[in-house]
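See below for the structure under consideration.
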Amino acid sequence: MMLLRATPFRPPIGLNRCVSIPRNVMLQKRAYSEAVFKGKDAGTKEDKARVQEALSKKTEDIREHAKGFTDAATQENTPHSVASVDFGENYNLPHPLWRNEYIWRVKVTHKPTEGLSDRLALLTIKAIRFNFDWMSGWSTGKVTTDKALNRICFLESVAGVPGSVAAILRHLSSLRRMKRDHGWIHTLLEEAENERMHLLTYLKLKDPGLFFRSCVWLTQGIFFNFFFAAYLVNPTFCHRLVGYLEEEAVSTYTHILHELLQIDHGELKNWATLPAPDIAIDYWKMDPASTMRDVVAVTRADEAHHREVNHAFANLNPSDSNPYKPGH
0 MMLLRATPFR PPIGLNRCVS IPRNVMLQKR AYSEAVFKGK DAGTKEDKAR VQEALSKKTE
60 DIREHAKGFT DAATQENTPH SVASVDFGEN YNLPHPLWRN EYIWRVKVTH KPTEGLSDRL
120 ALLTIKAIRF NFDWMSGWST GKVTTDKALN RICFLESVAG VPGSVAAILR HLSSLRRMKR
180 DHGWIHTLLE EAENERMHLL TYLKLKDPGL FFRSCVWLTQ GIFFNFFFAA YLVNPTFCHR
240 LVGYLEEEAV STYTHILHEL LQIDHGELKN WATLPAPDIA IDYWKMDPAS TMRDVVAVTR
300 ADEAHHREVN HAFANLNPSD SNPYKPGH
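To convert, note that position 188 of the sequence shown is 187 in numbering that gives the first Met the number 0; the numbers rise steadily by one, no gaps.
Here it is in structure tokens:
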């Protein structure tokens with residue numbers, strides 16, 4: 000007679016994945032090595048208890064920070080709702096649909112560096128930005144519509160790389176170790192697709208030439224292999240690097256909104272009345288009367304979200320649970 004083994008009930012993905020985070024969120028080596036206790040021996044039981052308390056407090060901070068993105072979309076304090084999977088023409092993954100009152104409150108922020116790894120990540124991004132500015136002509140002469148589109152398209156062509164690379168490596172790691180990924184893969188893939196949709200949106204205003212496409216090919220080849228190797232060695236460094244990259248993206252879009260998109264005198268003032276492309280209206284479920292100014296605003300909101308997510312991932316151990324639900 001065949002015996003049926005009872006299988007415990009497992010809630011669907013997203014319902015229990017971000018309920019708790021292990022206590023070892025921060026790097027304990029740094030907590031013990033730095034002068035946290037003003038000269039006391041970090042090896043005593045009392046000091047170890049204080050370290051664990053500090054780590055637990057940091058864990059709660061990360062979880063509370065993620066809560067703003069993982070609340071139900073019907074709650075008033077949620078900055079966005081979630082677009083479900085579209086099984087029509089686009090097959091988009093779940094992604095945030097930002098509320099109008101939130102997209103105009105996004106601010107330029109900077110995460111202070113802590114340790115050599117953070118400083119190296121920031122220096123790497125500064126070097127990348129220098130090349131972005133040079134290749135797009137952003138740092139020389141008057142900013143024109145063509146220069147702005149060059150910078151945006153080049154930035155988005157690179158920004159879509161990290162999420163896909165990290166997702167692939169975590170997927171392969173899960174297969175090799177025959178263990179669960181703890182929910183990171185879906186967030187990383189959603190980020191990669193979101194950046195790709197940014198690129199496809201702005202390409203409706205620009206048809207890149209051979210030189211631009213060649214620069215994208217070269218940069219993508221270099222950055223893909225660099226990020227692939229770096230993620231194998233130090234995932235924390237990579238997520239911090241992406242966090243700093245997204246800080247630069249938020250800064251760029253904020254500059255475009257506040258300095259270049261002024262209706263009366265801005266260099267890109269025509270974007271204030273230029274209708275939004277259909278791809279943007281469909282993807283973000285925007286008002287049909289939306290303009291390119293609205294597209295820039297929702298793009299900036301996406302980048303600010305990626306900034307916070309990657310800085311949060313950098314504060315977690317790679318084996319910790321993902322505090323973000325699908326689409327958040």
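C-beta atoms are modelled at their ideal positions from N, C-alpha and C, and glycine is treated no differently.
Check: residue i C-beta below 7 Å from any heavy atom of the ligand ADP
i: H304; result: Looking at this structure, you won't find the ligand ADP or any other ligand, since it has none at all.
Residue span of the alpha helix (DSSP H) that contains residue i, given as start and end
i: P234; result: 234-254
i: W283; result: 277-283
i: Y201; result: 183-201
i: R299; result: 291-314
Closest Cα partner of residue i within the set the options
i: H254; options: L115, Y90, H109, V142; result: V142
i: A279; options: P93, V295, K268; result: V295
i: G159; options: N316, P317, E302; result: E302
i: Y101; options: K268, D319, R299; result: R299
i: P274; options: Y282, R292, W283, L267; result: R292
i: Y323; options: A313, R104, V308, D145; result: V308
i: N269; options: D145, S173, R98, T123; result: D145
i: R104; options: Y252, P276, S320, P161; result: Y252
i: V241; options: K106, S163, L96, G114; result: S163
i: N199; options: N91, C237, R98, R239; result: Asn is not the amino acid found at residue 199; the sequence shown has Leu there. Minimum Cα distance to L199 is reached at N91.
i: R118; options: F312, N316, C237, P317; result: C237
Local conformation of residue i per DSSP, three classes
i: K37; result: The predicted model places K37 with a pLDDT of 42, which falls under 50 and marks its position as unreliable, so this point remains unresolved.
i: H109; result: coil
i: N174; result: Correcting the residue type first, residue 174 is Leu in the shown sequence and not Asn. In the structure shown, L174 sits in a helix (DSSP, three-state: H, G or I).
i: P274; result: strand
i: A147; result: helix
i: W133; result: helix
i: R118; result: helix
i: P322; result: coil
i: H327; result: coil
i: N224; result: helix
i: S163; result: helix
i: E266; result: coil
i: R179; result: coil
i: T123; result: helix
i: W103; result: coil
i: Y90; result: coil
i: V142; result: coil
i: A288; result: coil
i: C214; result: helix
The beta strand (DSSP E) enclosing residue i, as first and last residue numbers
i: W97; result: 94-97
Contact belief for residue i with residue j at Cβ below 8 Å, rounded distance in angstroms
i: P93; j: E190; result: So it is not a contact: roughly 12 Å between Cβ atoms.
### Message
Check whether the stretch 181-191 and the stretch 155-169 touch, using three or more Cβ-Cβ pairs below 8 Å as the test.
### Response
With a cut-off of 8 Å on Cβ pairs, the stretch 181-191 is in contact with the stretch 155-169, counting three or more such pairs.
### Task
Check whether the stretch 200-218 touches the stretch 174-181, taking contact to mean three or more Cβ pairs, one atom from each stretch, closer than 8 Å.
no
### Query
Taking one C-beta from the stretch 185-200 and one from the stretch 229-236 each time, how about it: are there three or more such pairs within less than 8 Å?
No, they do not touch.
### Message
Quick test of the definition: if touching needs 3 or more C-beta pairs under 8 Å, does the stretch 280-288 touch the stretch 220-229?
### Response
no
### Contact between the stretch 239-253 and the stretch 151-164 (3+ Cβ pairs under 8 Å)
yes
### Query
Are the stretch 103-114 and the stretch 125-136 in contact at 8 Å, needing three or more beta carbon pairs?
no
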